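Asker: Residue numbers (my numbering): 5 to 404. Ideal placement from N, C-alpha and C gives every residue a C-beta, glycine not left out. What you are looking at is a predicted structure, and each value in this text was computed from that prediction instead of being measured.
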Ligand SMILES: C[S@@+](CC[C@H](N)C(=O)[O-])C[C@H]1O[C@@H](n2cnc3c(N)ncnc32)[C@H](O)[C@@H]1O
């Protein structure tokens with residue numbers, strides 16, 4: 005940035021935005037142009053995010069960077085509350101969903117009755133943890149005070165269960181890793197199903213691989229819960245997960261057209277280390293190691309650890325000896341955070357990156373693909389529409 009420009013009281017958000025958009029040698033002219041174009045982008049984003057009319061309302065728990073929010077917004081939903089305690093994820097969320105306040109407190113500490121608004125759909129991609137048998141049996145006998153408190157404080161699924169009991173949303177969509185069903189020898193899944201059932205929900209689930217939408221294998225369990233007190237039996241009976249599309253995009257659809265900055269190339273040292281590590285494990289009969297992929301491949305699951313060495317997805321580059329890692333912009337597209345969604349929020353040039361590369365990789369590795377959410381959301385919306393028709397509701401976010 006030019007050194008002879010003194011501007012006071014510039015917000016941290018603007019400073020990091022400028023730093024991620026400007027090089028050290030950029031001129032005053034470039035700086036001013038960037039500020040003006042970012043300002044115009046913010047205004048257009050605010051305008052395109054106006055949702056004075058919506059088909060249903062939702063809350064976004066464990067919101068991360070808003071994969072659920074984007075997918076359900078695309079189905080006509082309006083977000084009325086978001087919770088995420090990680091300050092970097094909340095910074096990204098706040099920038100992308102302009103003017104949307106995110107609650108950064110621990111979800112287990114909030115006053116549900118007063119602080120969470122009424123909503124139609126509860127969304128949550130919650131962390132998977134084992135349940136202690138003691139805590140669970142107390143929950144089942146509805147002794148939801150005293151001794152149960154420890155478990156309630158510990159297990160994040162209970163935060164969802166408590167909100168469901170208090171707010172009774174007609175629908176919940178939960179997402180988790182595929183092995184939720186085998187986690188803790190099946191105990192975790194059993195407890196979750198029991199609690200949802202006792203809270204009055206009919207539970208449907210399906211493991212869906214995001215590879216039908218993006219060039220990445222990412223199997224996740226989607227759990228759709230329909231409240232028996234909100235829907236007729238005949239309405240619930242109509243719910244089903246649609247067949248996944250037959251499309252299977254290739255990696256080339258998300259790669260930059262020209263090689264990215266040098267910092268994304270693996271150094272000789274790291275590349276030698278990863279090869280030696282893989283060889284050692286191969287000799288022992290283990291499959292651990294890097295994955296080298298080309299334009300016609302589909303990658304492994306990108307994880308929150310991708311920032312460490314990128315070994316799970318390395319891009320082979322015929323013109324270079326060493327492979328490279330994905331850039332954060334490519335990681336975004338690999339998760340389905342594509343230009344359709346960025347444009348819908350008023351960012352025609354793609355989602356702005358307002359955190360470091362490390363944080364950005366963590367955020368994408370932790371996120372849910374908005375394209376898969378949009379797909380599942382379409383099936384849910386059909387059932388919500390049946391209910392709204394029966395109730396003669398003309399829906400608008402202002403009617404809540
Ligand atoms: C698996 S990620 C969900 C990501 C999200 N679905 C997305 O698309 O980005 C779980 C998120 O829950 C947040 N989290 C974990 N414990 C929390 C708590 N007690 N209160 C609020 N947020 C919490 C984490 O910071 C993390 O971002």
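At which residue ranges does the region 349 to 373 contain complete alpha helix (DSSP H) runs of 4 or more residues, listed in the order of the chain?
Answerer: For the region 349 to 373, whole alpha helix (DSSP H) runs of length 4 or above, ordered along the chain, are 361 to 370.
Asker: Where does residue 301 fall in DSSP's three states?
Answerer: Residue 301 falls in the coil class under three-state DSSP.
Asker: Report the residue from 101, 120, 289, 316 whose alpha carbon sits nearest the alpha carbon of residue 166.
Answerer: When only C-alpha atoms are compared, the closest one is 120.
Asker: Within the continuous beta strand (DSSP E) that includes residue 223, where are the two ends?
Answerer: 223 to 231 is the extent of the beta strand (DSSP E) around residue 223.
Asker: Any idea what DSSP makes of residue 129, helix, strand or coil?
Answerer: DSSP places residue 129 in coil when its eight states are reduced to three.
Asker: Near residue 110, what residues of its chain come up, given a Cβ to Cβ distance below 8 Å and the 5 sequence neighbours on each side ignored?
Answerer: For residue 110, where only same-chain residues beyond five positions count, the Cβ hits under 8 Å are 89.
Asker: Using DSSP with H/G/I as helix, E/B as strand and the rest coil, what is residue 254?
Answerer: Coil at residue 254, not helix or strand.
Asker: At which residues does the beta strand (DSSP E) containing residue 339 begin and terminate?
Answerer: That residue, residue 339, is in no beta strand (DSSP E); it is neither H nor E in DSSP.
Asker: For residue 206, name the three-state secondary structure that DSSP assigns.
Answerer: Residue 206: strand per DSSP, three-state reduction.
Asker: Tell me, please, whether the region 290 to 299 touches the region 307 to 321 by the rule of three or more beta-carbon pairs shorter than 8 Å.
Answerer: Judged by Cβ distances under 8 Å, the region 290 to 299 makes contact with the region 307 to 321, as three or more pairs qualify.
Asker: In its own chain, which residues sit with a C-beta less than 7 Å from the C-beta of residue 336, not counting the 5 before and 5 after it?
Answerer: Correct list, in chain order: 355, 368.
Asker: Buried or exposed for residue 69, going by 16 or more other Cβ atoms inside 10 Å?
Answerer: Residue 69 is buried by the Cβ-count criterion.
Asker: Any heavy atom of ligand 1 closer than 7 Å to the Cβ of residue 98?
Answerer: False, no ligand heavy atom lies under 7 Å from that Cβ.
Asker: Report the rounded CA-to-CA distance for residue 322 versus residue 263, giving the unit in angstroms.
Answerer: Distance between the alpha carbons of residue 322 and residue 263: 11 Å.
Asker: Could you work out which residue in 108, 97, 60 is closest to residue 79 when comparing CA atoms only?
Answerer: With distances taken between Cα atoms, residue 79 lies closest to 60.
Asker: So within the region 156 to 189, which uninterrupted beta strand (DSSP E) runs reach at least 3 residues, ignoring any that extend past its ends?
Answerer: List check, beta strand (DSSP E) in window: 175 to 181.
Asker: I'd like to know whether the C-beta atoms of residue 176 and residue 168 end up nearer to each other than 8 Å.
Answerer: Contact flag set, yes.
Asker: When you compare the region 213 to 230 with the region 170 to 189, are there three or more beta-carbon pairs, one atom per stretch, that lie closer than 8 Å?
Answerer: Yes, the region 213 to 230 touches the region 170 to 189.
Asker: Is the beta carbon of residue 196 sitting closer than 8 Å to the one on residue 161?
Answerer: Contact flag set, yes.
Asker: Is the separation between the beta-carbon of residue 376 and that of residue 258 shorter than 8 Å?
Answerer: No; because the gap between Cβ atoms is not below 8 Å, this pair is not in contact.
Asker: Leaving out five residues on either side along the sequence, give the residues of the same chain with a beta carbon under 8 Å from the beta carbon of residue 381.
Answerer: Correct list, in chain order: 75, 76, 78, 79, 81, 177.
Asker: Look at the alpha carbon of residue 310 and the alpha carbon of residue 362, and state the distance between them as a whole number of angstroms.
Answerer: Between residue 310 and residue 362, the C-alpha separation is close to 8 Å.
Asker: Indicate, with yes or no, if ligand 1 has a heavy atom lying under 7 Å from the CB of residue 112.
Answerer: For ligand 1, at least one heavy atom lies less than 7 Å from the Cβ of residue 112.
Asker: What first and last residue would you give for the beta strand (DSSP E) that runs through residue 81?
Answerer: That run of the beta strand (DSSP E) goes 81 to 87.
Asker: Return the chain-ordered list of same chain residues with a C-beta closer than 6 Å to the C-beta of residue 314, the five sequence neighbours on each side being excluded.
Answerer: Excluding positions up to five away in sequence, the list reads 329.
Asker: Quick one: grab the DSSP three-state call for residue 77.
Answerer: DSSP places residue 77 in helix when its eight states are reduced to three.
Asker: Three-state secondary structure (DSSP) at residue 396?
Answerer: If DSSP states are grouped into helix, strand and coil, residue 396 belongs with coil.
Asker: Relative to the alpha-carbon of residue 63, which residue among 96, 268, 106, 123 has its alpha-carbon at the smallest distance?
Answerer: Checking every option, the nearest Cα to that of residue 63 belongs to 123.
Asker: Provide the residue(s) that pair with residue 62 in DSSP beta bridges, ordered along the chain.
Answerer: For residue 62, which the question treats as bridged, DSSP gives the partners 83, 125.
Asker: With a threshold of 16 other CB atoms inside 10 Å of the CB of residue 73, please say whether the residue is buried or exposed.
Answerer: Answer is buried; the Cβ neighbour count reaches 16.
Asker: Below 8 Å CB to CB, which residues in the same chain sit around residue 125 once its five sequence neighbours on both sides are set aside?
Answerer: The residues are 60, 61, 62, 63, 76, 81, 173, 174, 175, 176, 177, 384, 388.
Asker: Name the DSSP bridge partner or partners of residue 107?
Answerer: Answer by DSSP bridge pairing, in chain order: 87.
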